[in-house]
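K.L.:
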Amino acid sequence: MKNKKIRDIYHILLKQYGPQGWWPLIDLRNKTSNDVHLKKGYHPEDYTLPENRSQQFEICVGAILTQNTSWTQVEKALDNLKNKGFLYFNIINEIGKEELISEIKPSGYFNQKAGKIKIFTDFFIKLNGRIPKREELLRIWGIGKETADSMLLYAFKLPFFMVDAYTKRIFSRIFNIIMDDYDKIQSLFQNVFRDEFERDKLIIFNEFHSLIVEHSKNVCKKKPNCYNCFLKDLCEHCL
DNA sequence: AACCAGGACGTGA
DNA sequence: TCACGTCATGGT
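The first sequence begins at 48 in my numbering and counts up by one.
Below you can see the structure in the form of structure tokens.
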């Protein structure tokens, strides 16, 4: 049964990698941590974050910046914005597009992304603290399904399972079927955990996605390292 | 030196 | 609907 397999995989990944502490927040990066192994900005097992509109906004900007771009590049862009004092919705709203572009260059696609961030910022301000509907986000130019769901899950704490290229790749291999339809994959996963409490769903979707990213980077890469993959007993690609 | 990274949009068939 | 081109920097 697919559902049980998906549940098993979640628990295996969680046990192997541990809580991932998504979504990283820039202010936590500068905090002195007694755990040197803790990746900066991440906050494992603290699901209270984000705790204010400013942090929500930062996550949303990061979600746009990371479109088809590695997070290390996004960090550079966010650092630039932070150091300039730009990483606030009221400031982004004030500054010119060219000014924004010059700070987010490391993340690539800077012309498009600057426009996307400006448009989203206008929307975010008009929210005035309200939590947006998914359809509202999808109507905004520059926000597709994945970006919308990453905002809903990690910034607005709503239980949407987000699907990305990694998710499609891993589970295409595991089930030995081409899984490419965003909506089908999302409803499959949300259905698996439909009976969980809302609070648990949030944690599960939060961790699951980040664990998928972690496993995809380390093991289930484009050229997979099946030899030391601890999912191989469940993976049809390896049978 | 090609290839890829936590996608989305516009176009033509 | 779908396949494809475009956007762009910096890592490996």
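For every residue, glycine included, the Cβ atom is placed at its ideal position computed from N, Cα and C.
Going by C-alpha distance, which of Asp227, Phe208, Phe207 and His90 is nearest Arg216?
P.N.:
As a position in the first sequence, residue 216 is number 169, starting the count at 1. It is Asp227 whose Cα lies nearest to the Cα of Arg216.
K.L.:
For my contact list, Leu72 and Gly88 are in at a C-beta cut-off of 8 angstroms; report their separation, rounded to the angstrom.
P.N.:
Taking the first residue of the first sequence as position 1, residue 72 is located at position 25. Taking the first residue of the first sequence as position 1, residue 88 is located at position 41. Sure, about 6 angstroms apart at Cβ, within 8 angstroms.
K.L.:
Go through its chain and collect everything with a Cβ distance to Ala161's Cβ below 7 angstroms, but skip five positions before and after it.
P.N.:
Position 114 of the first sequence, counting from 1, holds the residue named residue 161. Taken in chain order, the residues that qualify are Lys144, Leu147, Ile148 and Ile151.
K.L.:
Quick check on Gln159: buried or exposed, where buried means 16 or more other Cβ atoms within 10 Å of its Cβ?
P.N.:
Here residue 159 refers to the residue found at position 112 of the first sequence. Exposed is the call here.
K.L.:
In angstroms with no decimal places, state the Cα-to-Cα distance between His84 and Pro91.
P.N.:
For the purposes of this step, residue 84 is taken as residue 37 along the first sequence, with counting starting at 1. For the purposes of this step, residue 91 is taken as residue 44 along the first sequence, with counting starting at 1. Summary for His84: the model assigns pLDDT 48, below 50, so the residue's position carries little reliability; its value from the coordinates is reported in the next sentence. Their backbone Cα atoms lie some 12 angstroms apart in a straight line.
K.L.:
How about the stretch 176–192 and the stretch 128–142: do they share at least three Cβ pairs that are nearer than 8 angstroms?
P.N.:
No, the stretch 176–192 is not in contact with the stretch 128–142.
K.L.:
Taking the continuous alpha helix (DSSP H) assigned at Ser197, which residues delimit it?
P.N.:
Residue mapping note: residue 197 aligns to position 150 of the first sequence, counting from 1. First-last of the alpha helix (DSSP H) with Ser197: Lys192 to Ser197.
K.L.:
Going along the chain, which residues of its own chain have a beta-carbon closer than 8 angstroms to the beta-carbon of Ile169, five neighbours each way excluded?
P.N.:
Along the first sequence, read from residue 1 onward, the residue named residue 169 stands at position 122. According to the sequence as given, residue 169 is Asp; it is not Ile. Excluding residues within five positions, the ones whose Cβ falls inside 8 angstroms are Asn140.
K.L.:
Please name the residue in Phe218, Gln233, Asn265 and Lys264 whose C-alpha comes closest to that of Ile56.
P.N.:
As a working note, residue 56 is residue 9 in the first sequence. Nearest option by C-alpha distance: Phe218.
K.L.:
Nearest by alpha-carbon distance to Tyr201: which of Leu61, Val108 and Ile53 is it?
P.N.:
Translated into the one-based positions of the first sequence, residue 201 becomes position 154. Of the candidates Leu61, Val108 and Ile53, the one whose C-alpha sits nearest the C-alpha of Tyr201 is Val108.
K.L.:
Nearest by alpha-carbon distance to Asn265: which of Phe255, His256 and Cys276 is it?
P.N.:
Position 218 of the first sequence, counting from 1, holds the residue named residue 265. Comparing Cα-Cα distances from Asn265 to each of Phe255, His256 and Cys276, the minimum goes to Cys276.
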